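S.K.: So that we are looking at the same thing, I have put the structure below in structure tokens.
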Amino acid sequence: MTSAPWSVDVLTLFPDMFPGPLGQSLAGRALIEGIWRLNAVDIRGFARDKHRVVDDAPFGGGPGMVMRPDVVDEAIASVVAARNDRAPIVFMSPRGTPLNQARIRALADGPGAVVLCGRFEGIDERVVEAWSMEEISLGDFVLSGGEPAAMALIDGCVRLLPGVMGGDGSDTEESFEGGLLEYPHYTRPRVWRDREVPEVLISGHHEKVRAWRLDQAERITRERRPDLWTRYAAQASGIKR
Ligand code: SAH
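In our numbering, the protein residues as written are 1 to 241.
Structure follows, in structure tokens:
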């Protein structure tokens, strides 16, 4: 049995933005190889009136425009009907749960996702509720649209799909995977602008290299991300090396 490719439907007012960066490099090759499938759907195609209006002024007043629930609903219904799975419907939104590696991994392990990209001030709340959408944020800042956020989410998932990264373990040693940020990397030349590569890395002593890297990862995490460090330290105190 060949399993269906990981499949993502993106609902957007700018379908021409896709695959965009996702058509390059690892993700782009995997797309051509059929490891994953991308369907960018133009929300405007679901507007009923002759001017293809997708937005309207907010009730209660205020600046900007809001995407209409009826139009977004039709767009979602069409892609959901075409899928024979129960992939989550994700709305990219600065009010959502901040995206992290654990959520990326869970999404990559599933059948794919339906990803809704907002524009203008956002999307009518009722359609977000009606489809029980999962709201995901890329971080505490505001983009002009959900598309770059969708691309980030999809890129994070695609690189974890079997066959995309070559399976050399580089995805399990990375930042966040063990609750730590990654250790620093070095390559040739050995001396660059009077800066030498740390001695231990050229010692050929694998155990020492491993210990040094863990040490560095711990130091960097402690210094830069006290939030991650607290969680890691609590976990590690249970299973101290
Ligand atoms: N008025 C909204 C911002 C709208 S920005 C607010 O203040 O919360 C327009 C669209 O860009 C949003 O609907 C969303 O889809 C997308 N977007 C903006 N910032 C984002 C972020 N940090 N993460 C994910 N999507 C974001």
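For each residue, glycine too, the CB sits at the ideal point set by N, CA and C.
None of these values were measured; they are calculated from a predicted model.
Check whether the Cβ of S132 sits closer than 7 angstroms to any heavy atom of ligand 1, and report yes or no.
M.R.: Here residue 132 refers to the residue found at position 132 of the sequence shown. Result no, Cβ not under 7 angstroms from ligand 1.
S.K.: Bridge partners of A113, per DSSP?
M.R.: Looking up residue 113 in the sequence shown gives position 113. DSSP output for A113 lists V8 as bridge partner(s).
S.K.: Quick one: measure Cβ to Cβ for D42 and P21, integer angstroms, because I've assumed they're closer than 8 angstroms.
M.R.: Position 42 of the sequence shown holds residue 42. Position 21 of the sequence shown holds residue 21. About 19 angstroms separates the two Cβ atoms, so there is no contact after all.
S.K.: Give me the Cα-Cα distance between G146 and M92, rounded to the nearest whole angstrom.
M.R.: Within the sequence shown, numbered from 1, the residue matching residue 146 stands at position 146. Within the sequence shown, numbered from 1, the residue matching residue 92 stands at position 92. In a straight line, the C-alpha of G146 is about 5 angstroms away from that of M92.
S.K.: Mapping the DSSP letters down to three states, classify A87 as helix, strand or coil.
M.R.: Here residue 87 corresponds to residue number 87 of the sequence shown, with the count starting at 1. It is coil, neither helix nor strand.
S.K.: Taking 7 angstroms as the cut-off, is the CB of C117 close to at least one heavy atom of ligand 1?
M.R.: On the sequence shown, position 117 is the one that residue 117 refers to. Checking the Cβ of C117 against ligand 1 gives yes.
S.K.: Should the region 47-58 be regarded as contacting the region 182-201, the criterion being three or more beta carbon pairs within less than 8 angstroms?
M.R.: No, the region 47-58 does not touch the region 182-201.
S.K.: Shortest alpha-carbon distance to V72 belongs to which of P111, L31, L38, F46?
M.R.: Taking the first residue of the sequence shown as 1, we reach residue 72 at position 72. The option with the nearest alpha carbon to V72 is F46.
S.K.: What does the alpha-carbon distance come out to for the pair A242 and A30?
M.R.: Nothing about residue 242 can be reported from this structure: the residues present for the chain run from 1 to 241 only.
S.K.: Would the region 197-211 count as touching the region 159-166 if we require 3 or more Cβ pairs under 8 angstroms?
M.R.: Not touching, per the Cβ criterion.
S.K.: Rounded to a whole number of angstroms, what is the C-alpha to C-alpha distance between L26 and G60?
M.R.: Counting from 1 along the sequence shown, the entry for residue 26 is found at position 26. Counting from 1 along the sequence shown, the entry for residue 60 is found at position 60. For L26 and G60, the distance between alpha carbons rounds to 46 angstroms.
S.K.: Taking the straight line between their C-alpha atoms, what separation do you get for A217 and S144?
M.R.: Within the sequence shown, numbered from 1, the residue matching residue 217 stands at position 217. Within the sequence shown, numbered from 1, the residue matching residue 144 stands at position 144. Rounded to whole angstroms, A217 to S144 spans 34 angstroms at the Cα level.
S.K.: For P98, list the residues DSSP reports as bridge partners.
M.R.: One-based indexing of the sequence shown puts residue 98 at position 98. Bridge partners of P98: S137.
S.K.: Thinking C-beta only, is L181 closer than 8 angstroms to I220?
M.R.: Position 220 of the sequence shown holds residue 220. Position 181 of the sequence shown holds residue 181. Yes, the pair counts as a contact, with Cβ atoms nearer than the cut-off.
S.K.: Measuring straight from C-alpha to C-alpha, what distance separates G28 and G34?
M.R.: For the purposes of this step, residue 28 is taken as the residue at position 28 of the sequence shown. For the purposes of this step, residue 34 is taken as the residue at position 34 of the sequence shown. Roughly 10 angstroms between the two C-alpha positions.
S.K.: Given this structure, state the Cα-to-Cα distance separating D140 from P94, to the nearest angstrom.
M.R.: Numbered from 1 along the sequence shown, position 140 holds the residue referred to as residue 140. Numbered from 1 along the sequence shown, position 94 holds the residue referred to as residue 94. Taking the straight line from one Cα to the other gives about 7 angstroms.
S.K.: Considering just the uninterrupted stretch of the beta strand (DSSP E) at D42, what are its terminal residues?
M.R.: One-based indexing of the sequence shown puts residue 42 at position 42. Note, D42: beta strand (DSSP E), 36-42.
S.K.: Let me check understanding here. Comparing Cα to Cα, which of K50, C117, A234, Q24 lies closest to R133?
M.R.: The residue given as residue 133 occupies position 133 in the sequence shown. According to the sequence displayed, residue 133 carries Met and not Arg. When each option's Cα is compared against that of M133, the closest is C117.
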